[in-house]
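Following: one structure in structure tokens, then a few remarks.
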């Protein structure tokens, strides 16, 4: 923040050039991230403690974190195929290695594949907690001795590591259940994977995590979670979760914050996350960046910027006085109302949400009702008469040539209470409000 720059590590195994990190400037001065808003200022080679460059294939950088002492901590995934162990190491801003954070033998890959990290599923993350004492990292998927990697049918028992920066050693480890693969690849026998690819520390026990699922032919699905470690069991003394069992182990508790796909954005291989500067309106920012795997034909170096802040307008404000919503394109959290009806259509289903009468704004030009759209095949598990809270993106949906319907595309749906009193009905016809008899808008 003092220099108004970001640091981003290159996922190059010193094969296309020296292992390196970049200094970036990301322009958010207008309150938005424009198409050319990311500028590379410098590339800094990484070197060993002796000042020598890393040999080709001897490092696989995946994560970078800035300390309060203006040093960098990098995570390398290693290469389990050749027995190259992952590492967490501290580097100076001129790229020189300063110290190593020992991982312990349980993370070292074994030739028979029965223990240690799996190939391409090792350490993908690094984050410093505010205050600078704790360093967090995590396995992308389970250690071989802990359980299976994630697939379409089952989650994977990953580990979150917490280091004490004063001693440089692991202080605690926590069980973190990584989501199953979300989509069947095309063809069904093709490659798919799901993993924990980044985290960001909010305090000593609260994290943001990024989970990414990829299936050939279907692409990436990326979700952000809020993770609470305060009640999670410390498993630093458990060598093998598979043998120990996970039934009695309290895992890290996680809560879905955002499904990137619900924003109408096709996520690429998002793997990096950082807080950014304040926007002109005072809100904080969060940035995500993708690893394009040096694959220019089918991937992008994608950078996404988000404004942080509670945005919970009433339904009438979402609808607005015009036909299209004044909040079209915005992501909203905590939109609350009473479920009045459910549409079970498997392709275009959803439900209608309405403000209680007491919350109505009294303006006949605005509507207190809103359609909440669900992803194809999804079920909110709610019923008419329940009070629901929805996080989602405001969209105008409709067929070509027709008027659009203001829709809240749900990313998260929660039932707040059952047995809510539905709003009073409005009768259309002779004894009530008449529908318009002429076309008032084209």
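Residue numbers (my numbering): 967 to 1408. Think of the CB as a built atom: it goes at the ideal place given N, C-alpha and C, for glycine as much as any other residue. Nothing here was measured: the structure is a model prediction, and the numbers come from that model.
Coil, strand or helix - residue i by DSSP
| i | result |
| --- | --- |
| residue 1006 | strand |
| residue 1225 | strand |
| residue 1012 | coil |
| residue 1256 | strand |
| residue 1393 | coil |
| residue 988 | strand |
| residue 1039 | strand |
| residue 1050 | strand |
| residue 978 | coil |
| residue 1207 | helix |
| residue 969 | coil |
| residue 1219 | strand |
| residue 1055 | strand |
| residue 1265 | coil |
| residue 1071 | helix |
| residue 1323 | helix |
| residue 1187 | strand |
| residue 1417 | Given a span of 967 to 1408 for the chain in the structure shown, any question on residue 1417 remains unanswerable. |
With 16 other Cβ atoms within 10 Å as the buried cut-off, status of residue i
| i | result |
| --- | --- |
| residue 1055 | buried |
| residue 1066 | exposed |
| residue 987 | buried |
| residue 1085 | exposed |
| residue 1060 | exposed |
| residue 1188 | buried |
| residue 1077 | exposed |
Backbone CA spacing between residue i and residue j [nearest angstrom]
| i | j | result |
| --- | --- | --- |
| residue 1081 | residue 1125 | 14 angstroms |
| residue 937 | residue 1114 | The chain is shown only over 967 to 1408; residue 937 falls outside these bounds and no answer can be derived. |
| residue 1259 | residue 1181 | 16 angstroms |
| residue 1401 | residue 1299 | 32 angstroms |
| residue 1196 | residue 1288 | 47 angstroms |
| residue 1273 | residue 1210 | 43 angstroms |
| residue 989 | residue 1227 | 29 angstroms |
| residue 1254 | residue 1155 | 30 angstroms |
| residue 1264 | residue 1293 | 32 angstroms |
| residue 979 | residue 1027 | 7 angstroms |
| residue 1383 | residue 1105 | 37 angstroms |
| residue 1107 | residue 1087 | 5 angstroms |
| residue 1039 | residue 1095 | 13 angstroms |
| residue 1025 | residue 1045 | 8 angstroms |
| residue 1006 | residue 1071 | 38 angstroms |
| residue 1206 | residue 1112 | 5 angstroms |
| residue 1251 | residue 1169 | 17 angstroms |
Where the alpha helix (DSSP H) containing residue i begins and where it ends
| i | result |
| --- | --- |
| residue 1283 | 1281-1285 |
| residue 1174 | Premise fails: residue 1174 lies in the beta strand (DSSP E), 1172-1181, not in any alpha helix (DSSP H). |
Residue interval of the beta strand (DSSP E) (run including residue i)
| i | result |
| --- | --- |
| residue 1141 | 1135-1144 |
| residue 1084 | Here residue 1084 belongs to no beta strand (DSSP E), and DSSP marks it neither H nor E. |
| residue 1195 | That residue, residue 1195, is in no beta strand (DSSP E); it is neither H nor E in DSSP. |
| residue 1402 | No beta strand (DSSP E) contains residue 1402, which DSSP labels as neither H nor E. |
| residue 1270 | 1269-1274 |
| residue 1129 | 1122-1130 |
| residue 1147 | Where residue 1147 is concerned, there is no enclosing beta strand (DSSP E), given that its DSSP letter is neither H nor E. |
| residue 1381 | 1371-1383 |
| residue 1330 | From DSSP, residue 1330 is part of no beta strand (DSSP E); its letter is neither H nor E. |
| residue 1028 | 1027-1032 |
| residue 1248 | Run containing residue 1248: none; DSSP gives neither H nor E here. |
| residue 1309 | 1297-1309 |
Expected contact under 8 angstroms - CB spacing of residue i and residue j to nearest Å
| i | j | result |
| --- | --- | --- |
| residue 1334 | residue 1326 | 5 angstroms |
| residue 1296 | residue 1360 | 5 angstroms |
| residue 1102 | residue 1131 | The pair is not a contact, with the Cβ atoms about 11 angstroms apart (cut-off 8 angstroms). |
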